[in-house]
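For the protein sequence lines, the chains are A and B, in the order given.
Start counting the first sequence at 161; every next residue gets the next number (our numbering).
Start counting the second sequence at 565; every next residue gets the next number (our numbering).
See structure below.
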Amino acid sequence: MFALTLLNSLEGFFFGSGKAHVVTGVALIILAGLAIALWRMDRRLSRLEAESKESHR
Amino acid sequence: MNGAWNWIWKGGGIVLLAYVILRGFSTPLQPGLVTAAPSQLKLGMQTVTLTAAGQPFGKEGASLSEFTVVLRAGDQLLKTETQEVQPHGITVAVNVPGVLPSRALDAFVFTPSAGTLFLGNACFVEEAAKGDIPTSYVANKPDESTPQLGFSFPFQPNIIESIRNLLWHVPMWFSMFFIMGLGFVASLGQLRTGKVMWDLRAEAAVRTGLLFGLLGLATGSLWARWTWGAWWVSDPQLNGALVTVLLYSGYLILRSAMGDDDRVGRLAAVYNVFAFVMLVILLMVLPRYTESLHPGKDGNPGFNKYDLDNSLRAVFYPAVIGWGSLCYWMYTLRLRMNRIAYSLLSR
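Below you can see the structure in the form of structure tokens.
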């Protein structure tokens, strides 16, 4: 395992910690995914608000 | 009443997730061996250092006689002499005989408080001839201690610290099953009554479920890269998950392709019922009958009962409920948006 840490920096980052950083990576993917979903919902809600303002006019 | 219940499940889900993240990152891992150096042994006297991951197995100032290392060749034991103990390592002197039952040696470290640590195929002896170990080299099996490790996650070779991914990756799929199940019920409701409110529910459920499915695929791929060595392996469980996600993407494509057609609700409902049946077959039925790298082949497509011990359970079940409630929360938000969009459209 530790021989692999020498291969390149990305391998070293994930292997060197006893693979603890794989968990960090997984957590970041999930947070990023949820953030993107919230962002898209926010945009759609803004569009709906604009439409509803128009139809109230 | 309804308001109070809303607070309970939303707040409760967040509290559970906070607990899971804190516990998941702060719980120590049980010690386990990861490497032996050198891994190629010559004949005669030499030293070998075994390195461990997880919480320390030895204390500072522990006496060397409390730690015994035994190397196993075939079914015979080769004795060693402990020279140095460190929190995450142990160095021993070993006299390798010219005759061994097997060229591959497994290492066992008997510790006073952490139980017995094991490393399969720790060292190789290329020059050894095949035969029984001479009696003067043979070790007696030492007594095993009962591990006193407190609350800690189990050590699994190769997975090591990434066992904590169980609390992130697996609940994504549980949440997806749950919310797709809800969508399935909604589609049945749409087919039975033809009411648009069921269609709005099904659409919200599929969109939310797809998000969690995509997160499950992405996190699984990252985990696979550092356990199996590849971003993707062609495996019934993995391919089944991919096909399921693609099928549900088809649902959204079908909807957008049909536009404002009046039949969209009914057709989408038929498709969704079909997609959920496929999900159950591909993710819950088929993996049980095929060979797979993915854990949990003995009757359960998750981890089996030996992989999931009590310390993991204490965090894993809250994780499933916490992520599930977050997923349901996102579903309700999408549903409310769908309702507003529908009422604007039909005004």
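Built from N, CA and C at the ideal position, the CB exists for glycine as well.
The straight-line gap separating the alpha-carbon atoms of alanine 686(B) and histidine 733(B) is approximately 31 Å.
Residues of chain A with a Cβ closer than 8 Å to the Cβ of threonine 611(B) do not exist; the shortest Cβ-Cβ separation is about 17 Å. Using a C-beta cut-off of 8 Å, the stretch 723–739 of chain B makes contact with the stretch 583–597 of chain B, since at least three inter-stretch Cβ pairs fall below that distance. Taking the beta carbon of glycine 193(A) as reference, the chain B residues within 8 Å of it are Leu775, Leu778, Leu779, Ala782, listed in sequence order. Among the residues of the stretch 718–748 of chain B, those with a Cβ less than 8 Å away from any Cβ of chain A are Ile723, Ile724, Glu725, Ser726, Arg728, Asn729, Trp732, His733, Met736, in the order of the chain.
Flagged as an interface residue toward chain A: tryptophan 787(B), by a C-beta distance shorter than 9 Å.
The three-state reading of DSSP puts lysine 643(B) in strand, counting E and B together. With contacts defined by Cβ atoms closer than 9 Å, leucine 628(B) and valine 612(B) do not form a contacting pair. Counting only the Cα atoms, glycine 888(B) lies some 7 Å from phenylalanine 742(B). Interface residue (Cβ-Cβ distance to chain A less than 9 Å): threonine 791(B) is classified as such. The alpha carbon of valine 834(B) has as its nearest neighbour, out of Val849(B), Val884(B), Val658(B), Leu811(B), the alpha carbon of Leu811(B). Taking the Cα of methionine 740(B) as reference, the smallest distance to any Cα among Leu764(B), Asp763(B), Gly773(B), Gly567(B) is reached at Gly773(B). Residue state for aspartate 763(B) is assigned as helix, using DSSP reduced to three classes. By the neighbour-count criterion, in which 16 or more other beta carbons inside 10 Å mark a residue as buried, asparagine 729(B) falls on the buried side. Between leucine 908(B) and chain A, the shortest Cβ-Cβ separation is below 9 Å. When the alpha-carbon of valine 760(B) is set against those of Arg830(B), Ile845(B), Leu642(B), the nearest one is in Arg830(B). With a threshold of 9 Å between beta carbons, alanine 693(B) makes no contact with chain A. Straight-line spacing of the CA atoms in alanine 192(A) and arginine 756(B) works out to 38 Å. Among the residues of chain B, those whose CB is under 7 Å from the CB of glycine 185(A) are Leu786, following chain order.
Closer than 9 Å at the C-beta level to chain A, one finds these residues of the stretch 888–903 of chain B: Leu890, Met894, Leu897, Arg898, Met901. In the DSSP annotation of this structure, the continuous segment of the beta strand (DSSP E) that includes methionine 609(B) starts and ends at 608–617. Contact between lysine 606(B) and valine 660(B) holds, since their C-beta atoms are separated by about 7 Å, short of 8 Å. Partner residues in the beta bridge of alanine 601(B), as assigned by DSSP, are Thr613(B). The CB of phenylalanine 174(A) comes closer than 7 Å to the CB of Trp790 in chain B, given here in chain order.
Boundaries of the beta strand (DSSP E) harbouring asparagine 659(B): 653–660, taken from the DSSP string. Between the C-alpha atoms of leucine 818(B) and glutamate 767(B) there is a straight-line separation of about 11 Å.
DSSP places threonine 699(B) in the helix class (H, G or I) of the three-state scheme. The beta-carbon of alanine 686(B) is placed no less than 9 Å from the nearest beta-carbon of chain A. Closer than 9 Å to the CB of glycine 577(B) there is not a single CB belonging to chain A. According to DSSP, alanine 693(B) shares a beta bridge with Val663(B). For the pair tyrosine 583(B) and glutamate 214(A), the Cα-to-Cα distance works out to about 45 Å. Taken through DSSP and simplified to helix, strand or coil, glutamate 855(B) comes out as coil. In this structure alanine 671(B) touches leucine 614(B) by the C-beta definition: roughly 6 Å separates them, less than 8 Å. In this structure, aspartate 763(B) keeps its C-beta atom at 9 Å or more from the C-beta atom of histidine 858(B).
Glycine 588(B) has a beta carbon lying within less than 9 Å of a beta carbon in chain A. Beta-carbon to beta-carbon, alanine 678(B) and leucine 713(B) are separated by about 6 Å, close enough to satisfy the 8 Å threshold.
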